[in-house]
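K.L.:
With this note's numbering, you'll find the sequence shown wraps up at 1206, consecutive numbering, no jumps. No residue lacks a Cβ here, since even glycine has one placed at the ideal position from N, Cα and C. If you scroll down you'll find the structure; I have some questions about it.
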Amino acid sequence: MATPAEIIAARVNGTYLAAAQDEPVSSKPSSKSTSVNEETRCLSDESAFPVLGGGAQSLAGSSVSTSWGPSSNGKSPVSYASSTNTSSKAAVNGPKFKSSSIQLAFSLDAEDQSNIARPEFIKIMNSIKASTSSSIECTTSQHTKKRTFLITGKPEQAKQAKRLIIKKLTKPVVISFVIPAKTRAKVIGAQGRNLKPIIQENEVKIDIGQFDGSASPSPVDDEDDIYAQTVNVAIEGDVEGCKQAKAQIMAIVNEDLKNSQVRVLVDGFVKPFVAKALGGLVSKYPDLDFTFPPYGSSSKSIIIVGDREDSLAAKEEAKELIQELLATLVIELVAIPKTKFSFIPVTQVLEEDNVLVELPEDEDSPVKFIGEKANIAPAQAKVKSIIAQFKVETMDMSKAHKGNIPHVRAVAAMFTKYGIFDAIAKEYGIKINSPVLNVAEIKSIPIEIIVKTDEPENTKNARRAIVTAVNKVTPDQTLEISDIDSFFHSKIPGALDEIAGAKYVILDDSKIYLFDYSSNQSDDFEDFEDSFAPVLAECQKALEGIKELQSTLSTFVLQVPSAQQIHIKGPNGTTLRTILASAEPGSVVIKLHSNASGVSKNEVLIKGLKAEASKVQKDILEIVEEAEEYSATGGYSTTFEVPTFVLARVIGKGGSKLNSLRDEFGIKIDIAGDAKNSENVDKSLRTEITVNGIKRNAEGAKDAIKKLANKLADDTLVRLRIENQYHRRIAGPNFTYVNRLEDRYNVKIKFPSDTSSNYSDAPNNENEITIRGPSKNVARAEDELKQLYTFEKENGHKSSIRIPSKAVARVIGKSGAMINDISDATGVDCKFNKSPQKDADVEFVEVELTGSKSALKEATQKIQEIVSDVENSITVSITVDPKYHRDLVGPSGSVLREIISNAGGNDLSRQEYHRLLTIPNEGAGSDQVVCQGNKLVVNKIVDQIKNIIAEKEASIKVEYELAKEKHKLIVGPGGSIRKSLEEEFGVQIYIPKVNEASNMIELTGLPEKIEKLKVKLDEITKDNWNESIDIPVIYHAMISNRGATIKSLRFEHNVEVSYGKFARKASSLSNASIPAPPEGSEPADESATNFVTKKVDESSNEGSTIPWRLMGEAEATAKAAQIIESQLARARLVTTAGWFYSKNPSAHFPKIVGPQGSKINKIRQASGAFITVPRTNEKYNNFIYLVGTDESLQKANEEFLKVL
C-alpha cells in the first residue's frame, strides 16, 4: 500500500487515482490527545498532510501536528516548514494559490540513497531550506524505505532545492550507453562547446570514448546501420543529473541523425544506366538528394541524403529497380576496325540512346553494345553513320631528308613535344596522331591523319604543311649531343629554355638533339649558312656548365643485405626521404636493390655529385649500423619532456600534428598521461614523450616536437579591458595602427566582432581586446596599446553639432559611406541622437562627436561643408531643343566635362558631380536639361549652356571640297588632327567615310570661324610632292619589286613615295602572288632544277595608271624620278616570262638570295630581268618568277646555276 506522502506526491503531480480502499474513515478528535492516530486519518484530509508547507489546522481551528516526516514512528514529528503557520483555503479538487509558489514532489528509492545518519540528514535538510528559502517536507515508507519529498517555493528556488537534495542524499552513479561514432564530434562540439554546458548544468563527469576501427575487423553487414560503429559514453554523478545529461546528449544525437546518408551499391554493368532508370524514384522523393555514380568513375554507390526514414525506403525501392534494370540489359558484339575507335562518340550515344559502347583493348576483339534490346539497333546505326564521316590516312616521315631516320625521328619527337603537329591539325581542322618513337631501332615513322571524308582538301593541305615543316628542319640545323650523363638531364631545361629559337628533345635516355628553329619562323628564305650556327653555338655554350659539373659525378655501390635495406627506406619511404632532404636538391639519387648495371638484390646504388653522394653514403652506413645495434632492444628509443599545458596543442586536433610527424618520419610516438584538459594545468608540470624508430628519424621527430612545444609554450594570450568607444581610434583608419603593431611584433590583435567569437582567443565582451603571440612581443604590443589607450582617454573629447534634417541623408551618405569616410579620415566617432518625434516634425538633428580637439575641429568642418552645400543647393531646368543635346555632351562626353570643369565642379564627389548636369538620353522625348547642386556652380553651368545654344543657333554649314586622297591629312592618327582643328577654331568638321564617294567636307560653325579654318585647311592640304610619275598598272608590280624599289628610294635617296587614292591598289599589286607556271615546268626526270619561259602579251594598250608621287629634297626626287623612268622603260621592253624550278627550295633559294639579298640584286643588275623570289607560304613556292627579254632571262638562269 502507498504511503501517505506518495499519495500526496501523486496528487501534486496529477497521477493519483482514488481507489475503494482510499475512502476516508470518519473519526472524532479526542479532547485528551494532541495528536491524531495515523490509522484514523483521512488520506485526503489536508489537515493531516500539509502539502502547502505550512502548519495544518483542524476543522475546529485547533493546531494539529503531523505524524509523518523523518520520524514517522509515532514519536515527536519533525517538520521542515516554516514555524509560522499560514492558513490556506482548499477547493474540492485541491488547493489553489494566489502566490507565485509551486510544489515539486518526487521520491528516492532506497537503493539510490546514501547511508546518512539522521542528525546529518536533518542538517542537510536545514542547509538546503536556508539556502533556497523553500519549504521541504519528507516522509519515509516503513516497508520500502523510499523517501518522498514535497518542496514548496518559488520556481527557481524549488528546482534548486530538488537538485541539492538529489545530489547530497543519493549515491554517485555511472550511466553507460552508446552513441553512433559519427555523432561523437557533434556531441562534443568545437572545443567542447556542446558538452561543457551539459557537464556544468548537471554537475556530472562525462567520458566519451574514441572509436576503435580495429574493433570491427570485418565489414558490417549494413553500412547504413548508424549503430554498427559506436562509442561508449559514461556519465558519473547523481541520479537526476546523469539522467538529465543523458537526455541532453541523446537530443543532440537525434537531431544530428534527423537527416542521414545511405548508399546503394551498384554493379558496374548497370552503372551507366541507373540514373535514367531511377528517374521516377527521384521524382517520387523530391525532398531527398540523389547522387548517381558517374560513368567511368571508380564510385560504385548511389548516395541518398535526407530524412532517414524516407532515405531507407528509397534505398529498398532503388534495389528493386536496379534488379529489374539488370534483367532488361543485353550485350551485342560488333566488329569495328580499331582505327575507327576514336570516332565513336561513347558519351553522346549513352546520353541520347541509353546504350553503352564499350571499346576493347585488344584490336582483334569486337566492340560491345550494352543496353536494352530495343535501343541497341538505333545506337549501332548512329555509330555507323558517324564513323563513316571520317577516314584515316597514313604518311611515313622516314622518307624525309633522304631516309635519314635518326634525324627524322628526332624531328618528330620535337614536333610532338612543342605542339607543332597539334598546331597544323588545328589550322586545317583535322586530327594528327603522332608517331610512336620509344624504340631506337625503327624502320618507319608513320603519322596518322584523321579527317572528314567530305573535306579531302584539308588532308592535302595538312600533308603539304607537314612535309614543308619537316623539310625545313635540316640536319644542318640539328646537333646531337651524347656526352651528358642522364643524371644531369633534369638541368637541361634551365640551361636551354631561355635561348630564343632553340628547341631540344632527349631520346633513348642518352641522346640530346638540339634544333635551331629560329629561321623556321620567317616567311622569307634566309641564308641558312649564316643564320643557324649562332643558336646552336649558344646552346653548346649553355651546356658547358653541365659538362663541367659532370666531372664531379660519382657512383657508389654499397653491399647491404636485402633484408636490411628496409631500414634505409623506412616506413612508407620516410627514412629515404629524410636522407635525400639532407642533400642539395637534385644532387644525388639512391636506388635500392640496384648497382650500376641494373637490379642487384643485396646492393644499393648511390649516384650524384661527389660531395653530396659521399655524405649520403655515410648516412646510409650509419643507418644500417644503428639498425643492427638497436635490433636486440626492438629499435632506437628516445624520451624527452614538454610542458604539460601545451600538450593538447602539440598533439593537435584529433591528433593531426602528431600524425603528421608520424607520416613524415615513420616513427612511433607515446605520451605519458592524458592530454585531456592539459591546457588548464600548472605550467610548471612537464609530460614525457617517447619516440621509437630509426635513430635518425626519431631524433628528427624529437627536434620537431621540442621546437613546436617551445613555440607553443611561449605563446601568450593577454586580454585588455578597453572600452568599446575607443576601439575605432585605437585601431586607426582601416586598422592601420593595429596592422602596424601586428607586423612589428608578430602578434595577432583581435577586436570584438560577430565572426571573432568562434575562436578561443576572441574577446569575451565588447569592452575587451586580445593580443596573442610570443610572450616578449605580446608584452611590447600590450605596452603600446595601453599607451595609445591612455592617450585616447585623455583626448576623448566630445562635442555636438546640430544639422538640418534635410542635410542628414547627405551627411550619412549611401549606406553610411560619407560619415564613415569622415570618421576614418579624422579618427572621430560620430553618433546621431535620434529624436522621439517623427522625422517630418524634426527641424534639426544633433550629431555627437568624440575625439581629440584637432580631430573634432576637422570633422566639424567637413560636416558643415556638406550642410552648407545642401543649404546652397538649387535645381534649375532649361528648355533645350533635343537637336542640341549632342552638342552639349560632345564626343565621349568631352563638352559636358568641360562645362562642369569651367564651373568649378571637378572637386565634388562622384554623386554630386553627376547631379550637376543631367541631359536627357537620345530618344527620351524630353527637352529639359536639369542642373542641380551648389548655386554658384549651377549658375555658371546655365550661362555656358545658354552661350553654346546661342552659338549653335547662329552657326552655318559650309561645304569644303578636298580630293579624297587628302582627307587623311586632316584626320590624322586616331583623328588627332581633326580634334585639334575643332578645338582651335570652334568648328565641327564632318569628313566622309572611306567607302563614301563624296569628297565634300562639311564645316559647321560661326561664319568668321569657318573662314579662318578654310585658310588653315588650304595650308595643310597643299601638295607636298616634287615629282609625279604615272605608272601603268601592268608594270607596277615589276617596278615595285614587292616593295624593294620603295625601300631603296627611302634608304638610299631619302625619298618617300605615295600613291594618292590608289594606295590600296598599289599595295595589292606589289604583294600579289607569282603567276601559275605553265605545264611541264617541273622536270620529268630527277633533275634538281628546271627553267621554262613563255611569251607575254605585247599589246600596246597599257590601260589605267597609278601615280607615283615623290616627296623629299628636289635634287633627290629628281634622281629618284630618273630611276623610276629607267625601270619603266625596261618594263616596256618585256617580252618573256620565266619560271625557275627547284626541287629543294629551302636549300637553293637562300643561296640565290644571299645575305641581305646581295646576290639576287647583283643578278638583277647583271641580267636586266625583273626577278621575284616566292615566300614560303605561297602556293608556288618552288618557283622563282622572272620577266624581261629572252636574253635577260637566259642570263639570269645562267647566274642561278652558277650560284648553285
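Would DSSP call I921 helix, strand or coil?
P.N.:
coil
K.L.:
To which residues of the same chain is A1090 closer than 6 Å at the C-beta, ignoring the five residues directly before and after it?
P.N.:
K1145
K.L.:
To the nearest whole angstrom, what separates the beta carbons of L259 and K164, a pair I think is in contact under 8 Å?
P.N.:
The Cβ separation is near 32 Å, so there is no contact.
K.L.:
Among Q930, Y962, L919, N923, which residue has its Cα nearest to the Cα of N941?
P.N.:
L919
K.L.:
Distance check for V394 and S1069, CA to CA, integer angstroms please.
P.N.:
Straight-line Cα distance between these residues: approximately 42 Å.
K.L.:
Who does Q930 pair with in a DSSP beta bridge?
P.N.:
T881
K.L.:
Might you give, ordered along the chain, the residues of its own chain that have their beta carbon closer than 6 Å to the beta carbon of T396, omitting 5 neighbours on each side?
P.N.:
P448, E450
K.L.:
Starting from the N-terminal side, write out each stretch of the alpha helix (DSSP H) that is 4 residues or longer and does not extend beyond the stretch 693-736.
P.N.:
697-715, 729-733
K.L.:
Compute the distance between the beta-carbons of V562 and N604, then report whether it is under 8 Å.
P.N.:
Contact flag set, yes.
K.L.:
Looking only at its own chain, which residues have a Cβ that is under 7 Å from the Cβ of Y1182, when we skip the five neighbours before and after it?
P.N.:
I1076, A1078, P1079, P1176
K.L.:
Answer yes or no: the CB of A119 versus the heavy atoms of the ligand ATP, is any distance below 7 Å?
P.N.:
Looking for the ligand ATP in the displayed structure turns up nothing, as the structure carries no ligands at all.
K.L.:
Which one of S301, A414, R698, D312 has the shortest CA to CA distance from D289?
P.N.:
D312
K.L.:
Closer than 8 Å by C-beta to A674: which residues in its own chain qualify, once you throw out the five before and the five after it? Chain order, please.
P.N.:
The beta carbon of A674 lies closer than 8 Å to those of T689, E690, I691, T692 in the same chain, with the five residues before and after it left out.
K.L.:
Per the DSSP calculation, C541 is bridged to which residue(s)?
P.N.:
BP columns for C541 are empty, so no partner.
K.L.:
Along the chain, where does the alpha helix (DSSP H) containing G775 start, and where does it finish?
P.N.:
It is not in any alpha helix (DSSP H) - G775 instead sits in the beta strand (DSSP E) that spans 770-776.
K.L.:
Check whether the Cβ atoms of A764 and T772 sit closer than 8 Å, and answer yes or no.
P.N.:
yes
K.L.:
If you count every other CB in all the chains shown that lies within 10 Å of the CB of A1, and 16 or more means buried, which is it?
P.N.:
It is not possible to answer for residue 1, since the shown part of the chain is limited to 3 through 1206.
K.L.:
Which of the three DSSP states, helix, strand or coil, is assigned to Q144?
P.N.:
Taken through DSSP and simplified to helix, strand or coil, Q144 comes out as coil.
K.L.:
Spell out the partners DSSP gives R149 in its beta bridges.
P.N.:
L110, T142
K.L.:
Look up D209 in the DSSP assignment and say whether it is helix, strand or coil.
P.N.:
strand
K.L.:
Could you give the C-beta distance for S957 and T881, rounded to a whole number, given that I count them as a contact under 8 Å?
P.N.:
Incorrect: roughly 19 Å between the Cβ atoms, too far for contact.
K.L.:
With a CB to CB cut of under 8 Å and the five nearest residues on each side skipped, what residues in its chain are close to G815?
P.N.:
Excluding sequence neighbours, G815 sits near I821, N822, D823.
K.L.:
Just the C-alpha distance for I304 and E666, rounded to the nearest angstrom, thanks.
P.N.:
36 Å
K.L.:
Apart from the five residues just before and just after I951, which ones in its own chain have a Cβ nearer than 7 Å to its Cβ?
P.N.:
Once the five neighbours on either side are set aside, the close Cβ partners of I951 are V882, Y886.
K.L.:
Based on Cα-Cα distance, which residue from V869, E845, S870, T828 lies nearest to L851?
P.N.:
Out of V869, E845, S870, T828, T828 has the C-alpha closest to the C-alpha of L851.
K.L.:
Whose C-alpha, out of S492, G503, V878, is nearest the C-alpha of P587?
P.N.:
S492
K.L.:
At which residues does the beta strand (DSSP E) containing D1032 begin and terminate?
P.N.:
That run of the beta strand (DSSP E) goes 1029-1034.
K.L.:
Kindly indicate which residue of T577, A809, A781, K593 has the alpha-carbon position closest to the one of G668.
P.N.:
Of all alpha-carbon atoms in T577, A809, A781, K593, the one lying nearest the alpha-carbon of G668 is that of T577.
K.L.:
Considering only residues of the same chain and omitting the five flanking positions on each side of Y992, which have a CB-CB separation below 6 Å?
P.N.:
E1004
K.L.:
Just the Cα atoms here: how many angstroms apart are I1031 and A1122?
P.N.:
11 Å
K.L.:
Indicate whether at least one CB of chain C lies closer than 8 Å to the CB of H1150.
P.N.:
Any reference to chain C falls outside this structure, which holds one protein chain only.
K.L.:
Less than 8 Å separating the beta-carbons of E550 and T640?
P.N.:
no
K.L.:
Please report the straight-line C-alpha distance between R812 and H916, rounded to a whole angstrom.
P.N.:
15 Å
K.L.:
What did DSSP end up calling Q391 once you bin it into helix, strand or coil?
P.N.:
coil
K.L.:
With DSSP collapsed to three states, give me the class of T86.
P.N.:
Caution is warranted here: a pLDDT of 35 is assigned to T86, below 50, making its placement in the model unreliable, and the coordinate value is therefore given only provisionally. Residue state, collapsed to three classes: coil.
K.L.:
Should the stretch 382-390 be called in touch with the stretch 398-413, which here means at least 3 C-beta pairs below 8 Å?
P.N.:
no
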